[in-house]
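Asker: Before anything else, here's the structure in question.
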Amino acid sequence: MKDNVATEVEVKQELISDDQKRWIDSAISLIDEEAMRQFNLQLTSIHSPTGYEREANQWLVSHMQSIGLNSFYQSMDSDSGNAIGTIKGTGDGSSLMLYAPVDTHLDSIPSRDVPWVGPELRPDMKPEAYIADNGDVIGLGSSNPKGMITAIAEAVRVIKASGAPLKGDLIWASCGGGMPSKPDASEVRQAHGLGSGVSYMINHGVTSDFGIIVKPGWAVSWEEVGLCWFKVTVNGQMGYAGMTRSFPGFRNSVVHASKFILELEKWLPEYQAQNTSGLCSPQGAISAVRAGWPNKPSFPSAVTEIYIDMRCTPRQTPSQVKAEFAKAVQNIVTANPDLDIEWEMIAAYPAGHTDPSNWIIQSSMRGWEFSEGSSHKVRLNTSGQTDASAIRNLGIPLARIGFPPVPTTPEAWQGFGGMGVSYIPDLMKVTKALIYTIIDTCTREKLT
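Count along the sequence shown from 1, then add 58; that gives the number in my numbering.
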């Protein structure tokens with residue numbers, strides 16, 4: 059614990075009735091590994107980059123209807139929208155939303171993604187999905203986010219098929235715009251990404267008493283980081299390669315930018331250490347640099363732009379992060395007076411927190427322990443941002459649960475990549491944990 063922020067929380071055991079045990083066992087007995095694999099394959103095969111999720115979510119709506127849910131497609135515009143399905147309860151209990159986004163972080167278009175992803179788009183970076191010899195589903199986003207949707211889909215299917223008598227509504231939602239991205243400046247549509255879909259969904263009336271988001275990481279968490287993006291412009295002079303050494307006092311913005319980058323990179327670990335608390339350790343990354351004309355290197359650019367992502371904890375506001383960044387930039391410029399720097403914040407996504415004593419956190423940890431067969435262990439020093447913060451900040455107490463690192467990822471594909479290797483046995487563990495929490499939560503009288 060740092061600054062009295064909890065990092066370890068006791069799991070409070072709640073009595074499960076014989077009926078609830080029977081409903082849990084009945085639902086789990088219906089889990090079908092091969093059906094999950096085929097669902098994962100079909101969904102991965104529908105390309106859904108951020109802002110273009112309509113086809114994937116319309117397919118999900120059809121699937122929801124096929125398994126008996128009341129479902130609809132919530133359109134945001136011609137290319138993007140959300141899939142929402144409900145198993146209605148009697149109205150006497152608490153409602154629970156299971157959520158995962160559907161959009162992928164890559165466009166899977168060589169002209170946009172190569173060489174930034176590497177020399178080529180690998181199979182795990184393409185939506186042309188297939189099943190490997192070992193049973194893994196390979197394809198862009200097959201693990202994250204579409205494996206997460208697969209775990210939810212199977213939990214909802216077997217709960218419906220088992221006939222468990224729910225008192226509270228069970229809502230399954232899949233939204234677009236969940237990735238930490240913004241549309242390219244050339245796009246006419248500029249309102250997608252950074253939680254746009256889930257914010258739209260909740261703001262337009264789809265809400266619940268409790269929620270669970272499925273994202274990577276085999277543990278239950280009650281908080282996660284937000285993010286702040288900054289654009290730094292390093293000013294110099296447009297020049298000519300044949301005169302840079304003879305022009306008095308020539309200021310090369312690219313060279314000056316490299317000096318700034320190295321100084322900022324020294325500071326980012328200090329920022330992380332100073333702000334680590336609770337489950338969060340907010341990292342930062344210098345992620346993109348833009349300057350000049352690659353086809354005209356004879357003419358050095360008058361400006362170089364640098365793009366930075368800095369994470370923030372629930373104990374920080376974006377405004378506070380902005381102030382810390384401003385101080386760091388000023389210190390760098392003071393120590394390097396030859397630098398001419400301008401900067402601005404271009405995105406602010408607050409972090410979110412749910413009280414770990416809240417029912418949904420406790421019930422989810424019980425579900426984790428039921429599935430894993432051991433005491434729950436928290437994940438510390440996390441720095442991954444998802445839609446979880448938006449959901450929490452829009453009023454829904456939320457638990458995050460997910461799966462372990464994929465054990466079968468080929469060595470050559472280790473790292474971030476296309477998040478495109480899906481290991482079904484671990485998804486089944488998540489499904490079992492979700493089933494427990496659904497029964498634990500939605501078959502009781504309304505919780506307060």
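The beta-carbon is built from N, C-alpha and C at its ideal position, and this holds for glycine as well. All figures in this text were calculated on a predicted structure; none of them were measured in a lab.
Look at the Cβ atom of residue 364, then the Cβ atom of residue 347, and state whether they are nearer than 8 Å.
Answerer: Walking along the sequence shown from the start, residue 364 turns up at place 306. Walking along the sequence shown from the start, residue 347 turns up at place 289. A contact, by the Cβ cut-off of 8 Å.
Asker: So, does the region 425 to 437 touch the region 485 to 505, judging by three or more C-beta pairs under 8 Å?
Answerer: With the rule of 3 Cβ pairs closer than 8 Å, the region 425 to 437 counts as touching the region 485 to 505.
Asker: Tell me whether the region 216 to 230 and the region 250 to 267 touch, counting them as touching only if at least three CB pairs, one residue from each stretch, are closer than 8 Å.
Answerer: The region 216 to 230 makes contact with the region 250 to 267: 3 or more CB pairs, one atom from each, lie closer than 8 Å.
Asker: Pick helix, strand or coil for residue 208, following the three-state DSSP scheme.
Answerer: Counting from 1 along the sequence shown, the entry for residue 208 is found at position 150. The answer is helix: DSSP assigns residue 208 an H, G or I state.
Asker: Which value, in whole angstroms, describes the spacing of the CA atoms of residue 59 and residue 422?
Answerer: On the sequence shown, position 1 is the one that residue 59 refers to. On the sequence shown, position 364 is the one that residue 422 refers to. Per-residue confidence for residue 59 stands at a pLDDT of 42, beneath the threshold of 50, marking its modelled position as unreliable; the derived number appears in the next sentence. Looking at the two C-alpha atoms, the distance is approximately 22 Å.
Asker: If you count every other CB in all the chains shown that lies within 10 Å of the CB of residue 122, and 16 or more means buried, which is it?
Answerer: Walking along the sequence shown from the start, residue 122 turns up at place 64. Buried.
Asker: Mark residue 218 as exposed unless 16 or more other C-beta atoms lie within 10 angstroms of its C-beta, in which case mark it buried.
Answerer: Within the sequence shown, the letter at position 160 stands for residue 218. So residue 218 ends up on the buried side.
Asker: Do you know how far the Cα of residue 396 is from the Cα of residue 132?
Answerer: As a working mapping, residue 132 is identified with position 74 in the sequence shown. As a working mapping, residue 396 is identified with position 338 in the sequence shown. Using only the alpha carbons, I get a separation of about 53 Å.
Asker: According to the Cβ coordinates, are residue 390 and residue 322 closer than 8 Å?
Answerer: One-based indexing of the sequence shown puts residue 390 at position 332. One-based indexing of the sequence shown puts residue 322 at position 264. Yes, Cβ-Cβ distance for residue 390 and residue 322 is below 8 Å.
Asker: Please return the same chain residues whose Cβ sits closer than 8 Å to the Cβ of residue 394, not counting the five positions on each side in sequence.
Answerer: Taking the sequence shown and counting its residues from 1, one reaches residue 394 at position 336. Cβ neighbours of residue 394 beyond the five flanking positions: 317, 318 and 321.
Asker: In this structure, does DSSP put residue 260 in helix, strand or coil?
Answerer: Position 202 of the sequence shown, counting from 1, holds the residue named residue 260. Three-state result, residue 260: helix.
Asker: When burial is assigned at 16 or more other CB atoms within 10 Å of the CB, is residue 115 buried or exposed?
Answerer: Mapped onto the sequence shown, residue 115 falls at position 57. Burial call: buried.
Asker: Does DSSP put residue 95 in a helix, a strand or coil?
Answerer: Against the sequence shown, residue 95 aligns to sequence position 37. Helix, per DSSP.
Asker: Out of 415, 192 and 315, point me to the one whose CA is closest to residue 71's CA.
Answerer: Within the sequence shown, the letter at position 13 stands for residue 71. Out of 415, 192 and 315, 415 has the C-alpha closest to the C-alpha of residue 71.
Asker: How many angstroms separate the CA atom of residue 158 from the CA atom of residue 277?
Answerer: As a position in the sequence shown, residue 158 is number 100, starting the count at 1. As a position in the sequence shown, residue 277 is number 219, starting the count at 1. Those two C-alpha atoms are separated by around 16 Å.
Asker: Distance check for residue 384 and residue 208, CA to CA, integer angstroms please.
Answerer: Residue 208 sits at position 150 when you count from the first residue of the sequence shown. Residue 384 sits at position 326 when you count from the first residue of the sequence shown. Approximately 43 Å between the Cα atoms of the pair.
Asker: I need the DSSP call for residue 461, collapsed to helix, strand or coil.
Answerer: The count along the sequence shown starts at 1 and reaches residue 461 at position 403. Here DSSP, grouped into helix, strand and coil, assigns residue 461 to coil.
Asker: Go through its chain and collect everything with a Cβ distance to residue 63's Cβ below 6 Å, but skip five positions before and after it.
Answerer: Against the sequence shown, residue 63 aligns to sequence position 5. Cβ neighbours of residue 63 beyond the five flanking positions: 335 and 336.
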